[in-house]
Amino acid sequence: MKTNENRNFQALFKEERYLILKNYLYNYLLRKRAIEKCLNQEEPELILEIGSGISPLTTFFSRTVYSDLSLDAIRFLKQKQGKGYYVIADGIHLPFKSDIFSHVICSEVLEHIKNDLQAMKQLARILKKYAGCLIITVPHRKCYFTNDDHFVKHYRRYELDEIIKKLKLAGLKPICLQKVLGPLEKITMSFVVYLFSIVQRHKPSKEIFRNPGHNRFMKFFVLLFKYANLFYQGYIWLDAKIMPISFSTVILIKSILSNKECKVSDIK
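For the sequence shown, UniProt numbering assigns the number 1 to the initial residue and increments by one for each residue that follows.
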């Protein structure tokens with residue numbers, strides 16, 4: 001049975017404004033860049049992307065399985081992208097055989113799952129035993145939990161020691177840690193969500209958003225939104241680069257299967 005939160009996410013995929021603008025967001029573009037950079041250093045055989053939604057992060061690899069809890073998201077993505085394989089799946093009950101994927105991508109997903117440790121165990125189960133690699137991104141630092149986290153239904157943000165401990169309990173060994181986003185992104189998104197909540201109260205007419213391909217206003221707005229995000233992501237990237245990891249708002253962790261213990265100091 002679907003919860004109210006799941007229904008809220010399903011509703012997003014029927015919201016035309018969301019579908020049009022999502023792939024141009026600077027934070028999505030920077031996560032995509034970081035993950036593709038990791039994958040380019042590897043030789044993926046078969047990739048699984050968990051929680052791909054309408055904006056997958058692995059668009060250049062044909063042997064990719066895209067999975068999401070939302071039927072609408074999977075339908076939209078399959079129609080838009082075509083290549084790859086598409087599966088409706090729950091993160092804690094993955095319908096895949098064990099020891100099958102060379103790479104699993106799980107970006108901004110674990111914080112949406114109540115039993116995140118069970119999800120990590122599932123990710124470890126489906127990884128190839130001797131060549132499997134898990135790449136995750138998660139929101140970092142509990143002190144950053146604010147209005148934008150509530151808006152997108154986060155259960156939590158992670159401290160580094162906490163996420164490392166859970167990965168170890170799931171049978172994984174973190175081998176690489178990267179900063180993806182910094183405090184400037186957090187300030188930006190908190191402000192954007194605040195403005196969006198004000199706009200939502202006034203309930204603007206949806207007429208202006210219909211038939212965006214033939215609507216001059218929408219075409220101009222999408223173009224402006226796209227290039228503004230392309231420009232702004234440079235500042236966000238620089239902010240993440242120069243700030244210490246203790247200030248990072250999103251981190252990337254690459255892990256392999258292991259029965260050995262791993263300390264935070266072991267991560268490169």
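For glycine and all other residues, C-beta sits at the position ideal for the given N, C-alpha and C.
Query	Result
Delimiting residues of the alpha helix (DSSP H) encompassing CYS38	26-40
Those runs of the alpha helix (DSSP H) which lie wholly inside the stretch 36-84 and span at least 4 residues	71-81
Secondary structure of PRO95, DSSP reduced to three states	coil
8 Å Cβ cutoff met for LEU77 and TYR85	no
The stretch 238-256 in contact with the stretch 170-181 per 3-pair CB rule at 8 Å	yes
Bridge partner(s) assigned by DSSP for THR137	SER107, LEU252
For VAL152, the three-state DSSP class (helix, strand or coil)	coil
Residue range of the unbroken alpha helix (DSSP H) whose run includes ILE163	160-169
PRO244 (DSSP reduced to helix, strand or coil)	coil
LEU167 to PHE220 span [Cα, whole Å]	45 Å
Between the CA atoms of LEU29 and LYS22 - distance to the nearest angstrom	10 Å
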